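Taken in order, the sequence shown gives residues 35 to 242; the numbers are from the working numbering.
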Amino acid sequence: SLLCARSSAHGTTANIKEIIIGRCADYQATNRFQHPVNCNHIWSVFSSIFVNKSPCQVNTSGYDNFISQVSVPVPRDVATFWSGTYSFVHLYIRAVGNLKTLENLFPGYLVNSLSWCGQQAPPGINYQSCHHPQGCDSKNSFEFWSKMSTWFARSASGTVHVVLNSSRVPAFAPNSFFAKFEFPNFIKEKVDKIKIIVVHDLDSKVNQ
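Set out below in structure tokens:
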């Protein structure tokens with residue numbers, strides 16, 4: 035999988051605070067939470083990781099705390115992973131109706147497609163550019179999504195669904211998030227079966 039948020043030359047997504055708090059409230063309104071989550075607190079935990087810090091000052095261990103606070107149970111047999119098939123897989127699960135990707139679950143839903151980075155100067159968030167000359171912004175984004183992918187993989191149980199793109203060679207790309215952080219973190223005692231769906235672009239030949 036992933037991703038969905040990458041470091042951007044365009045800077046932090048405008049209104050990111052309002053978006054995350056709004057998504058938090060929206061998700062809880064449409065999904066039953068045994069224990070309601072304080073959305074302002076979730077923003078505080080997330081923003082404290084990078085606000086008022088240059089990208090190279092970010093301690094990425096803070097992402098572990100954020101993930102632990104927003105993690106939710108992943109129902110058995112619904113976890114769906116993808117590699118090179120972002121648009122298709124979300125159309126597919128919408129049609130099927132009983133599967134979930136990371137982006138459909140609370141942790142991923144909160145930050146899907148967003149970009150963020152901080153700065154020491156006011157207002158503490160860089161809305162102009164998240165392209166750091168030392169690459170620290172890219173490293174931070176990579177660390178965040180690798181941790182999210184690992185959490186999702188370890189939460190999967192029963193039948194796991196995987197959607198790969200055969201127009202890409204190889205379909206099981208060794209440097210993809212799925213190959214590096216998801217597949218290796220499946221817990222064999224929890225996962226009974228892996229169901230692989232291989233698709234190809236309509237305007238491309240089938241390579242595998």
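Built from N, CA and C at the ideal position, the CB exists for glycine as well.
Since this is a predicted model, take the numbers as computed values, not measurements.
#1: Among the residues of its own chain, which have a CB less than 6 Å from the CB of L37, if the five just before and after it don't count?
#2: May I ask you to verify whether the region 141-159 touches the region 197-215, counting CB pairs closer than 8 Å and requiring at least 3?
#3: How far does the alpha helix (DSSP H) with I8 in it extend, from its first residue to its last?
#4: Give me the Cβ distance between T119 and V194, rounded to the nearest whole Å; I'm assuming they're in contact under 8 Å.
#5: Taking the continuous beta strand (DSSP E) assigned at F115, which residues delimit it?
#6: Check L139 in the structure and name its three-state DSSP category.
#7: How many Å lie between A59 and V197 at the Cα?
#8: If I measure Cβ to Cβ from E216 and keep anything under 8 Å in the same chain, skipping five residues before and after, which residues do I get?
#9: By alpha-carbon positions, which one of T47, I228, W150 and H165 ends up nearest to S82?
#10: If Q162 and S88 are in contact, beta carbons under 8 Å, what's the gap, nearest whole angstrom?
#11: Could you give the distance in angstroms between the alpha-carbon of K229 and the alpha-carbon of P218?
#12: Between S210 and V108, which are expected to be in contact by the criterion C-beta below 8 Å, what is the C-beta distance as a whole number of angstroms?
#13: According to the Cβ coordinates, are F84 and V92 closer than 8 Å?
#14: Using a Cβ-Cβ cutoff of less than 8 Å, which residues in the same chain neighbour I55 once the five nearest sequence positions on both sides are dropped?
#15: Report the three-state DSSP secondary structure of I221 (helix, strand or coil).
#16: DSSP has G192 in a bridge; who is on the other side?
#17: Report all residues from its chain with a CB closer than 7 Å to the CB of Q103; omit the five preceding and five following residues, and keep chain order.
Quick look at the numbers:
#1: Residue mapping note: residue 37 aligns to position 3 of the sequence shown, counting from 1. With a pLDDT of only 45 at L37, under 50, the local geometry of the prediction cannot be trusted, and no value is derived from it.
#2: no
#3: As shown, the chain starts at 35 and ends at 242. That puts residue 8 outside it, with no answer to give.
#4: Stepping through the sequence shown from its first residue, residue 119 is reached at position 85. Stepping through the sequence shown from its first residue, residue 194 is reached at position 160. Actually they are not in contact, since the Cβ atoms of T119 and V194 sit about 15 Å apart, beyond 8 Å.
#5: For this step, residue 115 is matched to residue 81 along the sequence shown. T114 to S117 is the span of the beta strand (DSSP E), which, as asked, contains F115.
#6: Taking the sequence shown and counting its residues from 1, one reaches residue 139 at position 105. Three-state result, L139: coil.
#7: Mapped onto the sequence shown, residue 59 falls at position 25. Mapped onto the sequence shown, residue 197 falls at position 163. Roughly 30 Å separates the two Cα atoms.
#8: Numbered from its first residue, the sequence shown carries residue 216 at position 182. Excluding positions up to five away in sequence, the list reads S35, F115, S183, T184, F186 and A187.
#9: Walking along the sequence shown from the start, residue 82 turns up at place 48. Taking each of T47, I228, W150 and H165 in turn and checking the Cα distance to S82, the smallest one comes out for W150.
#10: As a working mapping, residue 162 is identified with position 128 in the sequence shown. As a working mapping, residue 88 is identified with position 54 in the sequence shown. Not quite, the Cβ-Cβ distance comes to about 13 Å (not below 8 Å), so this is no contact.
#11: Start at 1 with the first residue of the sequence shown, and residue 229 comes out as number 195. Start at 1 with the first residue of the sequence shown, and residue 218 comes out as number 184. Cα-Cα distance, rounded: 16 Å.
#12: Taking the sequence shown and counting its residues from 1, the one referred to as residue 210 is at position 176. Taking the sequence shown and counting its residues from 1, the one referred to as residue 108 is at position 74. At roughly 20 Å, the Cβ-Cβ gap does not stay under 8 Å, so S210 and V108 are not in contact.
#13: Along the sequence shown, read from residue 1 onward, the residue named residue 84 stands at position 50. Along the sequence shown, read from residue 1 onward, the residue named residue 92 stands at position 58. With contacts defined by Cβ atoms closer than 8 Å, F84 and V92 form a contacting pair.
#14: As a position in the sequence shown, residue 55 is number 21, starting the count at 1. C73, N74, I76 and W77, listed in sequence order.
#15: Taking the first residue of the sequence shown as 1, we reach residue 221 at position 187. In the structure shown, I221 adopts coil according to DSSP, grouped into three states.
#16: Locating residue 192 in the sequence shown gives position 158, where the first residue counts as 1. Per the DSSP secondary-structure output, G192 pairs in a beta bridge with V225.
#17: Numbered from its first residue, the sequence shown carries residue 103 at position 69. The answer, listed in chain order, is I76 and V79.
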